Every structure is written in C-alpha cells, then in structure tokens.
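Q: I'd like to ask you about the structure that follows.
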Amino acid sequence: MLLHQFQEHLKQNFPHLSPVNCQLLLAVSGGIDSIVMTDLFYKSGFDFTIAHCNFQLRGDESNGDETFVKSIASKYNKEIFVKRFETNHYTEKTKISIQEAARELRYEWFAEIVISKLPTANYQQFIVTAHHADDNIETLLLFFFRGTGLHGLTGIKSIDKKRKIIHSLLFATREEITKYAIENNLSWVEDSSNTSNKYTRNFFRNNLIPEITKHFVNVKDNLTQNIKRFNEANELYQQAISSHKKKLLQLKGSEIHIPLLKLLKAKPLNTIIWEIIKDFNFNSNQVDEIKKLFNAENSSYFSSSSHRIIKNRNWLIITPNKTNEADLILIEESNNQINFENGIIKLEKLSAVNYQLSNVNSIAQLDAKHIEFPLLLRKWKQGDYFYPLGMRKKKKLSRFFIDQKLSATDKENTWLIESNRKIIWIINHRIDDRYKISAGSTIMLKIIYNAH
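Adding 455 to a residue's 1-based position in the sequence shown gives its number in our numbering.
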C-alpha cells in the first residue's frame, strides 16, 4: 500500500522528521502528484501549510487550478498561500525559458513563506514537492542528452538541505500514484500543457520513454537502478576530487593559489581543472582556455562573471573580480582608477619632458617605456626584492622595511605594483630605480595612491 511505503520512506530518508517537530510547506499545483502527496501527509499526521503558484500561462485553466487547490486546503482544513506571477514578463526580462522562470519564481516565493509566515519555535521547516520516480528518470535523461558530468546523472536528491526542500515521492512511480488516487476517490486537475511536446520533459514522457519501452520493457526500473548506482559512483568520485583539491588548492585570504607543477602532474587533468573552476562560475568550455595559461606570459588571465584565473609565475591564482575583495589585482592599460582594500590607485600618462617631479611618497612617477601591462597590484610577500630608488643593488623588502622602521601592522598592510614580474613601486614608500624618470624619458606613467 502506498501509504505504508510513504511512511517507511520518510522514516528511512528523513529520520529527523516527525508529525510533532516540523512545519511543512506543501507545493500543490492541483495535479495528481501533489494531491496524492497532500493526502499522504494528512493521513500520516503531519502539520502542513499549502502553497499554490498561479503562473497565469493558461488563462481560465490556471485560475481554475487555483480555485481547485483552495478547495483542497478547505477539505483538509489547512492554511493556504496563493500567488499570481507575471511569468511571461519575467521570461522577457531575464531571457530564460518558461520552465526555468517558473522554477525560479516558485522557489524564491516558497523560501519567503518559510522565513516570514511559518512558525519557527521548536519546529523544523521544509518545503515539500511531489516529484516522483518518473520525474527522476526524466531528469536523468534531460541531463544525459544535454551533456553533463557524473553529478548530473544522479537525479533528484531526496533532500536539498541548503534550500530546505524535500522531494517526498521519489520512491513511487506515476502508475502507483494514479492507482492510489483512484482507490481513495481523490480529485485532481489535468494540466493541458502536459500534452504539449514543446517542453523537453513532455517529449521524454510522451514519446521517447514509451518508444524505448517497446524494446526494453523494464527500462524504467533499469534507469531507476542506474540512478542509485550513479549516486554511489558519484560519492567515490567526490572523495577523489576532494583529495586532489586538498593537495592542490591553497587558500590565501579571498584567493585560491594553485602550484602549476603539481597541477600538471594531476590526472585526469581536464576533469580536475573543471571541478576546481566550476565553483567560480567558469564553464566547461573554458577548461582548454585555462590550460593555455600554463605556457602563457606572466599576468595572463581568463575571466568568469565573478572571478579571474591569473598566471603568476609558477602559480595559477583564482581571485575575485571585485578589486576590494582581491589580494591580487590586474591593472590593464585602459584602467585609470582601481579601488582596492587599502584605497584608490589612479593612473595617467603624461609627457616626461620638463616635468617637475614630486617627492611625495604617495605618488609614483615612472618611465612608461620600460613598463609592460597588465600590471599586478598585490600585497608584498617574503622573498620579494626590488632596486630602491638611488641604489644599484637589489634589496629584499623585509630588509627595506626594517631600514624604514615599519611596524608589523604597517608591513602587513603594504601593497606593491609589479610589471612583468618586476616590482616597480612599493606603494607609499619607494619606486624601483630601474623605472625612474631620466634625461631620456619622454612619457611618464604617473600613479597616485589615496588611502581610505
């Protein structure tokens, strides 16, 4: 009996939940799956609230679904929240598909309800959906044909702890759900869009799977078992990836530092690179671009929407694009101002002929012909050296700081700018003698530092 299977499924997969310690928000569309889910939770003694989304995509039919779900809430004597979404307008604004828009809108709204509407004291709160075994199979096929890593073949998870979402019917097939609804005289509404194959899931459901079933009778059972196997394989895969990351990734402030020599020895290289960069909004097509950095010039980089991966000597450094969060910042020739942790850097090129040089430490005046862009703005580190203005011998920064009588705090907050792996300015202290303005200089790069 489905009710018994449901209760056993909850005990095995959600042992922390019981009718006395949780408040559930059931996402109820009015279709057979969500109606059966509602009945099962009610008969299992759980307290819940109902949420219904009217996406206003099917005119009177959408409004009819809303009215029906309100009657379901009344039948079970449960509170209901209903929201009408301007879904078409949202898709036009965001340039995403109807299905993606509906998913974003509903889960954002569900989260708002959980935070602001449901009781909190002594209760665990979860959003609950009616995704079932057939949905899981369709998800597997969708990711398989779209192209995915192993994780994409693991289907829908029983619980999303981060978003506090429970998928409560993954153990049950569509046939079992339909049988339960008929045996218990439940009413539901049919979504006419389910017959349209313009949606990929519907094509799988209405065409692809029935055709495959003609040749492989047990295809659904086989795919369900494959999902379980893929989940176990993914656990092993994640353990291996975690081991590689521990060996390769060095966290330094807001940055990730990766030693190139170690990375080159890692296998399989493409997979390991992808698993590293995907967390920073890079896509799989950029793996080959990242590999080009191995032999690229110093300060070469590739960007995602949020981060850059920069080649810095024998390291790859993943750093935020937001300069006020980064410890390693690229300065392009087109940049005239950079905001960073300690202040603002302003850059301009001027004629060096007859220019009256300033002795202010917060201003660097450099011979532009010796400078290669992009420049690197970063904090100093042990081993750094430069040729202080007026000296022909190099000096380590650690020694320079002692001579300047800098406090430990001052040293920690010292930034510098380098060009092609050579330090050109210790900000607010001294430029490198090799880049000073001389009698033959024609163009000057002037850099001004303003502290916060």
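Built from N, CA and C at the ideal position, the CB exists for glycine as well.
Keep in mind that this is a model prediction, so the values were computed, not measured.
#1: Quick one: grab the DSSP three-state call for P665.
#2: Using three-state DSSP, classify F501 as helix, strand or coil.
#3: Starting from D822, trace the beta strand (DSSP E) both ways and give me its first and last residue.
#4: So for S874, helix, strand or coil by DSSP?
#5: For chain B, find out if any of its Cβ atoms is closer than 9 Å to the Cβ of N750; answer yes or no.
#6: Going along the chain, which residues of its own chain have a beta-carbon closer than 8 Å to the beta-carbon of T522, five neighbours each way excluded?
#7: Report yes if the CB atom of S648 is closer than 9 Å to the CB atom of R513, and no otherwise.
#8: Give the DSSP-derived three-state secondary structure of F855 in the structure shown.
#9: Would you grab the beta carbon distance between A688 and I490 for me? Rounded to a whole angstrom, and I think it's under 8 Å.
#10: What ranges does the alpha helix (DSSP H) occupy inside the segment 564 to 641, keeping only unbroken runs of at least 4 residues that lie completely in it?
#11: Exposed or buried, which one is N883 when buried takes at least 16 other CB atoms within 10 Å?
#12: Is R660 helix, strand or coil when you go by DSSP?
#13: So what does DSSP say about V537, is it helix, strand or coil?
#14: So, using beta-carbon positions, are N797 and N868 closer together than 9 Å?
#15: Is DSSP giving N509 helix, strand or coil here?
#16: Roughly how many angstroms separate the alpha carbons of Q462 and E730, rounded to a whole number?
#17: Would you kindly check if the distance between the Cβ of H699 and the Cβ of I745 is under 9 Å?
#18: May I have the straight-line CA-CA distance separating A863 from I826, to the nearest angstrom?
#19: For H762, does the three-state DSSP call read helix, strand or coil?
#20: Express the C-alpha separation of Q741 and F757 in angstroms, rounding to a whole number.
#21: With a threshold of 7 Å on Cβ separation, who are the neighbours of N753 within its own chain once the five nearest residues in sequence on each side are excluded?
#22: Is it a yes or a no for the segment 606 to 624 touching the segment 645 to 663, going by three-plus beta-carbon pairs under 8 Å?
#23: Here's the rule I'm using: 16 or more other beta-carbon atoms within 10 Å means buried, otherwise exposed. How should Y897 be labelled?
#24: Going straight from the alpha carbon of N468 to that of K612, what length do you get?
#25: Assuming F510 and F536 form a contact by the criterion Cβ under 8 Å, report the distance between their Cβ atoms to the nearest whole angstrom.
#26: Give me whichever residues DSSP pairs with K891 in a beta bridge.
#27: Report the three-state DSSP secondary structure of F496 (helix, strand or coil).
#28: Run through the DSSP bridge pairs and tell me what S806 is partnered with.
#29: Flag this pair as yes or no: are the beta carbons of L624 and A566 separated by less than 9 Å?
#30: Since I879 and Q820 should fall inside the 8 Å C-beta cutoff, what is the C-beta to C-beta distance between them, to a whole number of angstroms?
#31: Is DSSP giving T869 helix, strand or coil here?
#32: Exposed or buried, what is A695 when buried is set at 16 or more other beta-carbons lying within 10 Å of its beta-carbon?
#33: Taking the alpha-carbon positions, what's the F501 to T628 distance?
#34: Looking at C-alpha atoms only, which residue of E593, G708 and E555 is the closest neighbour of T679?
#35: Let's see if you can read the secondary structure: which residues bound the alpha helix (DSSP H) around E547?
#36: Classify T778 as helix, strand or coil using the three-state DSSP reduction.
A: Result, derived from the coordinates:
#1: In this structure, P665 counts as helix in the three-state DSSP scheme.
#2: coil
#3: That run of the beta strand (DSSP E) goes I818 to D822.
#4: DSSP places S874 in strand when its eight states are reduced to three.
#5: The structure shown has no chain B; it contains just one protein chain.
#6: Cβ neighbours of T522 beyond the five flanking positions: none.
#7: yes
#8: Helix at F855.
#9: Not confirmed; about 35 Å, so no contact.
#10: The segment 564 to 641 contains these whole alpha helix (DSSP H) runs: 588 to 601 and 629 to 638.
#11: buried
#12: In the structure shown, R660 sits in a helix (DSSP, three-state: H, G or I).
#13: strand
#14: yes
#15: strand
#16: So the two alpha carbons sit approximately 37 Å from each other.
#17: no
#18: 31 Å
#19: Strand at H762.
#20: Going by C-alpha positions, F757 is about 8 Å away from Q741.
#21: K766, N767, R768, N875 and R876
#22: At 8 Å Cβ cutoff, the stretches do not touch.
#23: Residue 897 is actually Thr in this sequence, not Tyr. Result: exposed.
#24: If I take the Cα positions, the gap works out to 11 Å.
#25: Not quite, the Cβ-Cβ distance comes to about 15 Å (not below 8 Å), so this is no contact.
#26: Bridge partners of K891: L821.
#27: helix
#28: I898
#29: Their beta carbons are not under 9 Å apart, which means L624 does not touch A566 by this criterion.
#30: Rounded, the Cβ-Cβ distance is 11 Å, inconsistent with contact.
#31: coil
#32: exposed
#33: Cα to Cα, the separation comes out at about 22 Å.
#34: E593
#35: T542 to T549
#36: In the structure shown, T778 sits in coil (DSSP, three-state: anything other than H, G, I, E or B).
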